[in-house]
Amino acid sequence: MAARRAVSVVLPLGRHQARQMCAEAAPEQDLSVPWGVGRSIYRKMLRAASNYPSKKRAAIYDDIRADFKDHMHETDQKKLLRYRSQAISGLAGLEHYSQAAQNKESAWEVGPIKHGDPRSTGMR
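In the UniProt record's numbering, the protein residues as written are 1 to 124.
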């Protein structure tokens, strides 16, 4: 008979959940983001930014690097949770557009809605 192993799943915290955890947390609890978790989010964000379909791809990439570098030595637990939730939501947005751009079958574009000329269809 095979032994069962426990599997732990870490779900990303939303902005509301992170605030709620900060409000409910006792001061003696350690809510720090482990270095490996922060580094993996950083790597994923840089990878998604490098595939981001925009003219400003390089600027977005540089902004991500600068933000992580600015907050690298932060020790305040509430700020760390806020930065983590911001990074996770930003990563979701980057991955969404990166995947949409890589999907060759979808014909999507960003911009104003284009309507046909009503005079050409007989509608007035």
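Quick reminder that beta carbons are idealized off the backbone N, C-alpha and C, glycines included.
Note to self: Within 10 Å of its beta-carbon, does residue 8 have 16 or more other beta-carbons around it, so buried, or fewer, so exposed?
What the structure shows: The predicted model places residue 8 with a pLDDT of 42, which falls under 50 and marks its position as unreliable; any figure quoted below should be read in that light. Exposed, because fewer than 16 other Cβ atoms sit within 10 Å of the Cβ of residue 8.
Next item on the list: Indicate the three-state DSSP secondary structure (helix, strand or coil) for residue 69 in the structure shown.
Entry: helix
Notebook entry, point to check: Near residue 141, which residues of its chain fall below 8 Å by C-beta distance, leaving aside the five closest residues on each side in sequence?
Noted result: Since the first and last residues shown for the chain are 1 and 124, residue 141 lies out of range.
Notebook entry, point to check: Is it buried or exposed for residue 45, if we count other Cβ within 10 angstroms and need 16 for buried?
Noted result: buried
Notebook entry, point to check: Helix, strand or coil for residue 55 per DSSP?
Noted result: coil
Notebook entry, point to check: Apart from the five residues on each side of it in sequence, which residues of its chain come closer than 6 Å, Cβ to Cβ, to residue 98?
Noted result: 48, 51 and 52
Margin query: Out of 87, 73, 77 and 80, which one is the CA nearest neighbour of residue 63?
Written below: 87
Next item on the list: Within the same chain, show all residues whose beta-carbon is closer than 7 Å to that of residue 91, passing over the 5 residues directly before and after it, in chain order.
Entry: 41, 44, 45 and 48
Check: So what does DSSP say about residue 63, is it helix, strand or coil?
Finding: helix
Notebook entry, point to check: DSSP state of residue 74, grouped into three classes?
Noted result: coil
Next item on the list: Give me the Cα-Cα distance between residue 80 and residue 55, rounded to the nearest whole angstrom.
Entry: Spanning the two alpha carbons is a distance of roughly 31 Å.
Checklist line | Rounded separation between residue 67 and residue 95 - CA only | finding: Here the alpha carbons of residue 95 and residue 67 stand approximately 18 Å from one another.
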